[in-house]
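Residue numbers (my numbering), protein chains in the order written: chain A, 20 to 323; chain B, 20 to 323; chain C, 20 to 323; chain D, 20 to 323. By construction, the Cβ of each residue, glycine as well, lies at the ideal position given by its N, Cα and C atoms.
There are 4 protein chains.
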Amino acid sequence: MNYPQILQDIAREVSSLYGQGKVADYIPELGKVSPRQFGFCLHTRDGQVFTHGDSDVKFSIQSISKVFTLSLVFAHLGEAMWKRVGVEPSGNAFNSLMQLEYEKGIPRNPLINAGALVVTDMLVSTFRDPKAEILRYLHLLSGSNDIQFNESVAESERKTGYRNFALGYFLKSFVNLENDVDQVLDVYFHQCSVEMSCKELAAAMQLFVHHGVEPNTQQRLLTMSQTKRLNAVMQTCGFYDEAGEFTFAVGLPGKSGVGGGIAALLPGHYSLAVWSPELNKKGNSVLGMKALELFTTMTGRSVF
Amino acid sequence: MNYPQILQDIAREVSSLYGQGKVADYIPELGKVSPRQFGFCLHTRDGQVFTHGDSDVKFSIQSISKVFTLSLVFAHLGEAMWKRVGVEPSGNAFNSLMQLEYEKGIPRNPLINAGALVVTDMLVSTFRDPKAEILRYLHLLSGSNDIQFNESVAESERKTGYRNFALGYFLKSFVNLENDVDQVLDVYFHQCSVEMSCKELAAAMQLFVHHGVEPNTQQRLLTMSQTKRLNAVMQTCGFYDEAGEFTFAVGLPGKSGVGGGIAALLPGHYSLAVWSPELNKKGNSVLGMKALELFTTMTGRSVF
Amino acid sequence: MNYPQILQDIAREVSSLYGQGKVADYIPELGKVSPRQFGFCLHTRDGQVFTHGDSDVKFSIQSISKVFTLSLVFAHLGEAMWKRVGVEPSGNAFNSLMQLEYEKGIPRNPLINAGALVVTDMLVSTFRDPKAEILRYLHLLSGSNDIQFNESVAESERKTGYRNFALGYFLKSFVNLENDVDQVLDVYFHQCSVEMSCKELAAAMQLFVHHGVEPNTQQRLLTMSQTKRLNAVMQTCGFYDEAGEFTFAVGLPGKSGVGGGIAALLPGHYSLAVWSPELNKKGNSVLGMKALELFTTMTGRSVF
Amino acid sequence: MNYPQILQDIAREVSSLYGQGKVADYIPELGKVSPRQFGFCLHTRDGQVFTHGDSDVKFSIQSISKVFTLSLVFAHLGEAMWKRVGVEPSGNAFNSLMQLEYEKGIPRNPLINAGALVVTDMLVSTFRDPKAEILRYLHLLSGSNDIQFNESVAESERKTGYRNFALGYFLKSFVNLENDVDQVLDVYFHQCSVEMSCKELAAAMQLFVHHGVEPNTQQRLLTMSQTKRLNAVMQTCGFYDEAGEFTFAVGLPGKSGVGGGIAALLPGHYSLAVWSPELNKKGNSVLGMKALELFTTMTGRSVF
């Protein structure tokens, strides 16, 4: 396929959507980003890389980080981790704390905030220096050592993330956090503050394309079965309230973040990262969602 | 691949699970089925059929019928239908009526009971003789004219299906049923009472394998995009409360029924039907779920 | 106290509120009532009666009927009835069906619709001709034989009361209705359609003022303890979503109806009935609520 | 009435209930209390005091403190306070965080934990030294200067009160806390740790018996209307999940605490305090609840 042409066509078409969304401003630091940016990177199984636009610009990966900490923890703890967090879609906003209360402190899945906090708590229990471990892991997966936390974004979240603190204490009250709430949240806010470019992100997702083998070093980090499961979790739970809509329209496992990034993949074939800061009402990138839908439609390739 | 061998291995392994589930008895008629039965049928894209065990025995397809009425209605109404029913996973039991109330009468998706009732209501509004239309459609898809309603099962449901009546009146109170509750439920109970064998069911699912083209007649019944969407809905919403668990363990779009049947597919590759009457606590066939998990693991092929 | 003066002052003050509410129109028959009407009747323990305005005009008592069927059933079944219905306030609209589902079919209290349906079901199980029994009881309590059902209001509700049918079937699915849903609803819609004047209603409430003794015949219909309990239920559950607000502002046990009537009492002292058809958003009479608040404030007498 | 005899009869009867409940142990410090204790104090409008048993023993008043901080804040802020907290019963446990989420951060009433935290936040905003103000107020109301915080109980709650921290941060996320969560909780845990005897507690409740006038100093602290409202809130919301049951069985406004104390009153007539550490499953004193029910039954006097 003529990917460069496809990327160019997509970029042209989505550019008409500028202005339809809003840059996340609940964290003051995130609100400073210039809205009219669009980056796209396609990374095929055999290592070809196709890019368009701002694909080298670093952005705050935010919730996309949950996929990486989840895979890191899953590799270390295996099936045991599913005692403390489920794999069911969370439904909608309606469910957040209500659901956690209803289900007695077991978050529905590891990609909603409550579940990600439990995963981060496992990370804190597993590694002596969990923050360093996160960076080391991302350097390995992306093949780039130039990936860092943005301390002012992390600090900004710490000062205003009341709801995450509420979730943390609520989990603690159900005895589903082992470590101090403050410590878990410190790591969590740092992982969310990581800055990566589309190019780096697409590279890091290759682990899931290659069924658990990191392609540069040929290390097996996850079993095939574990990778299948992570891809399945991304498919059903990766897009907040739009999991169904996204599966419906795009048909790829992936994960979005309020920084405007989306990472996705077709297992065994390619990974993708797209970024544009304006978000729709459900917190997903307006141009990013459209770009992915166009990509699977134009290439005729999705998991369905 | 040596499919006959794989099916035989699967059958041997799952046979150790007899006795771990319970035949559905909330409808007296269903409770009469002998529990120790197991049928499996694999139907490949190019028309090869592999069977094992009770693959010719007819059973009550129950909720699997929702997939067929949905595709029939979608083909006729197109995107307009999504104003009255969503495409998001429903989460868990917790959500049933609560969610319907919370979301003001718009069911989360067309595969939960409330959503299926709305779909059946559309069917009633669209066809002069909706029950005949359902049979005509199933005859076409399966290539078998020997598919009928079981009137005593339908009657049994009509007499005891209080919760479905409650859902119907509740939808009506939100002005999301156009026809009389009694009429919609009559059609609904009939569609659920349809009896098919694994072989017929696997054949009928070929429509979704072939991206919307009915392979025997080469008629296009659904657009490619519509088929992608239906497969996505089955993936995220097809297994009651176990949508996530199933996606996680099996990785195929599909739909289960309390008669003990499960239909599933790998788009572009094959369809499957499996049946065994004993159900787990969430209402899915114990042997059927395990058989599907084994099949995707042994063949190494799933959407992920 | 100069009650005639107090009633006159109240009537003058509340008349400024005309136009702030809306006549119930969800039942077509109810929507035909002329909005600018106001009736008030005070009935003291020793039988003095003070009236103002349209106190002889008959109106649809609607949910006020729940108090009478409840007392009738309680007198016959005693404490046993509380196995099937609770005595806790229901909180808000949020809770209706959700709560019923959450609490497995046991309505929170007998004055919300679900609870009233269970009470009516008990009535149907207890009396051979439950509709005749209701009228007989109301004739006894009010001392007037000129109290009837309004058949066209009952029929109007039967045709449009989808939500009540939903509740009925939902209760039935939890095995908390003994009789057919249609039969229970027929009696229920009839009891709601009863027409009484403020004067008749205030007289009928004297049973609760006199701690369970019907004052005209000196018959004891309820024990003192039963009467205390019924008054307590009216206090905490009598005003839909405004139970707290009403207790807070007025401080009397009572019950409102969407026909615009409110009946209330100060145990051991007096009963009151007030009527004006315009309702606030929570379904209580605008002028009626204000009149009661003014009455307890001006007389300085409430349970608190 | 022969109150000494009545108290003696009650004490004899409730003593058979020892062992049916459990001392609160979620706070380690509270678990140290010896279970077989029972104190009762009746304080009439004209200042007569009747006591029985351990009526001079100090105990942790816990949630009973909410009534005092509420009255203190209400006196200072007046009606404006009801913008941030409601006056509706909260229904049941089901509602706690779910309800707060559903109602966008406005707690249903000031006597559930979330509402009490908002009230304490108002206290922190109103007074320079809120902790000193609480003690000053309790000294005034009870006529005793020997009332203090128990610092080890407060510290014990601070270390284990994860759920209260969760509520605090959740309220903060809805912008319904003005001050730091830590600061509000520090005051809150201190107010709950206050130790008073039945005698002191019954004396302090006289403010509400006297319609807002503190009887010793004859100071008017609350208007009559404010007192009516506070009594109404206690009536409908004072007993956790048993508000309805308590109103039903006892018929007095009041407030319970997990220390085993209950304070109640008949407006215009008397106040009561009863204490016994063993709690039922809903967190109310087993002997205390029964003692109050017997008292209103034996004296034939309740608000109903």
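{"Item": "Can you find the residues in the same chain that come closer than 8 angstroms, C-beta to C-beta, to N114 of chain A, ignoring five residues on each side of it along the sequence?", "Value": "A caution first: N114 of chain A carries a pLDDT of 47, below 50, which makes its placement in the model too unreliable to give a value."}
{"Item": "Nearest CA to the CA of L298 of chain A: which residue from A:D44, A:F267, A:M20, A:Q24?", "Value": "A:D44"}
{"Item": "Find the residues of chain B that neighbour S192 of chain C, judging by a C-beta separation of less than 7 angstroms, and give them in chain order.", "Value": "Y181, R182, A185"}
{"Item": "Using the rule of at least 16 other Cβ atoms within 10 Å of the residue's Cβ for burial, across every protein chain shown, is L36 of chain B buried or exposed?", "Value": "buried"}
{"Item": "Do the CB positions of M224 of chain B and S290 of chain B come within less than 8 angstroms of each other?", "Value": "yes"}
{"Item": "Where does L26 of chain B sit, in a helix, a strand or coil, going by DSSP?", "Value": "helix"}
{"Item": "Taking a Cβ distance cut-off of 8 angstroms, strictly less, list which residues of the segment 47–70 of chain C are near chain D, in chain order.", "Value": "none"}
{"Item": "Hey, could you find the ends of the alpha helix (DSSP H) G187 of chain D is sitting in?", "Value": "181–192"}
{"Item": "Would you kindly work out how many angstroms separate the C-alpha atoms of E152 of chain D and V232 of chain D, rounded to a whole number?", "Value": "19 angstroms"}
{"Item": "What are the boundary residues of the beta strand (DSSP E) that includes L284 of chain B?", "Value": "280–285"}
{"Item": "Starting from H229 of chain D, trace the beta strand (DSSP E) both ways and give me its first and last residue.", "Value": "Where H229 of chain D is concerned, there is no enclosing beta strand (DSSP E), given that its DSSP letter is neither H nor E."}
{"Item": "What does L291 of chain B pair with, by DSSP beta-bridge criteria?", "Value": "B:L61, B:A283"}
{"Item": "Taking C-alpha atoms, which residue in B:F323, B:T318, B:P286, B:S275 lies nearest to G332 of chain A?", "Value": "The structure shown does not extend to residue 332 of chain A, since chain A is modelled only from 20 through 323, so no value can be given for it."}
{"Item": "To the nearest angstrom, how far is it from the Cα of E312 of chain B to the Cα of L249 of chain A?", "Value": "16 angstroms"}
{"Item": "Leaving out the 5 sequence neighbours to the left and right, which residues in its chain are closer than 7 angstroms to D140 of chain D when beta-carbon positions are compared?", "Value": "L196, E197, N198, V203"}
{"Item": "Could you check if V194 of chain D is buried or exposed, using at least 16 other CB atoms within 10 Å of its CB as the buried criterion?", "Value": "exposed"}
{"Item": "DSSP on S321 of chain D, reduced to helix/strand/coil?", "Value": "coil"}
{"Item": "Tell me which residues share the same chain as L142 of chain D and place their Cβ nearer than 8 angstroms to its Cβ, disregarding the 5 neighbours each side in the sequence.", "Value": "T88, L91, V92, P149, E152, I153, V206"}
{"Item": "For a test of the three-state rule: what should DSSP assign to R55 of chain D, helix, strand or coil?", "Value": "coil"}
{"Item": "Are the beta-carbon atoms of V228 of chain B and I46 of chain B separated by less than 8 angstroms?", "Value": "no"}
{"Item": "Unbroken alpha helix (DSSP H) runs of length 4 or more, entirely within the segment 81–168 of chain B: which are they?", "Value": "84–96, 115–121, 132–145, 149–161"}
{"Item": "Less than 8 angstroms between the beta carbons of I125 of chain B and V104 of chain B, yes or no?", "Value": "yes"}
{"Item": "What residues are listed by DSSP as bridge partners for H71 of chain A?", "Value": "A:F59"}
{"Item": "According to DSSP, is K274 of chain A part of a helix, a strand, or is it coil?", "Value": "strand"}
{"Item": "Shorter than 8 angstroms from the beta carbon of L204 of chain A to some beta carbon of chain D?", "Value": "no"}
{"Item": "So the candidates are B:E176, B:S34, B:L220; which of them puts its Cα closest to the Cα of T63 of chain B?", "Value": "B:L220"}
{"Item": "Checking 8 angstroms against the spacing of the C-beta atoms, do Y188 of chain C and S192 of chain B come in under that value?", "Value": "no"}
{"Item": "Look at N169 of chain A and S79 of chain A and say whether their C-beta atoms are less than 8 angstroms apart.", "Value": "yes"}
{"Item": "For Q24 of chain A, which option in A:Q56, A:V42, A:F69 has the closest C-alpha, if you only look at C-alpha atoms?", "Value": "A:F69"}
{"Item": "Report all residues from its chain with a CB closer than 6 angstroms to the CB of E176 of chain C; omit the five preceding and five following residues, and keep chain order.", "Value": "I46, F208"}
{"Item": "Just checking: is the beta-carbon of A112 of chain D within a distance shorter than 8 angstroms of some beta-carbon in chain C?", "Value": "Caution applies to A112 of chain D, whose pLDDT of 49 falls short of 50 and renders its modelled position unreliable; the value that the coordinates give is listed next. No, A112 of chain D does not count as interfacial toward chain C."}
{"Item": "Please work out which residues of its chain come closer than 7 angstroms, Cβ to Cβ, to K309 of chain C, disregarding the five sequence neighbours upstream and downstream, and give them in chain order.", "Value": "V33, L36"}
{"Item": "Strictly by DSSP, which residues pair up with M215 of chain B?", "Value": "B:F78"}
{"Item": "Under 8 angstroms between beta-carbons, which chain A residues line up against F189 of chain B? List them in chain order, please.", "Value": "None at all; the shortest Cβ gap to chain A is about 17 angstroms."}
{"Item": "Can you tell me where the alpha helix (DSSP H) holding T236 of chain C begins and where it ends?", "Value": "Note, T236 of chain C: premise wrong, no alpha helix (DSSP H); not H, not E."}
{"Item": "Whose C-alpha, out of A:S304, A:L186, A:W294, is nearest the C-alpha of H71 of chain A?", "Value": "A:W294"}
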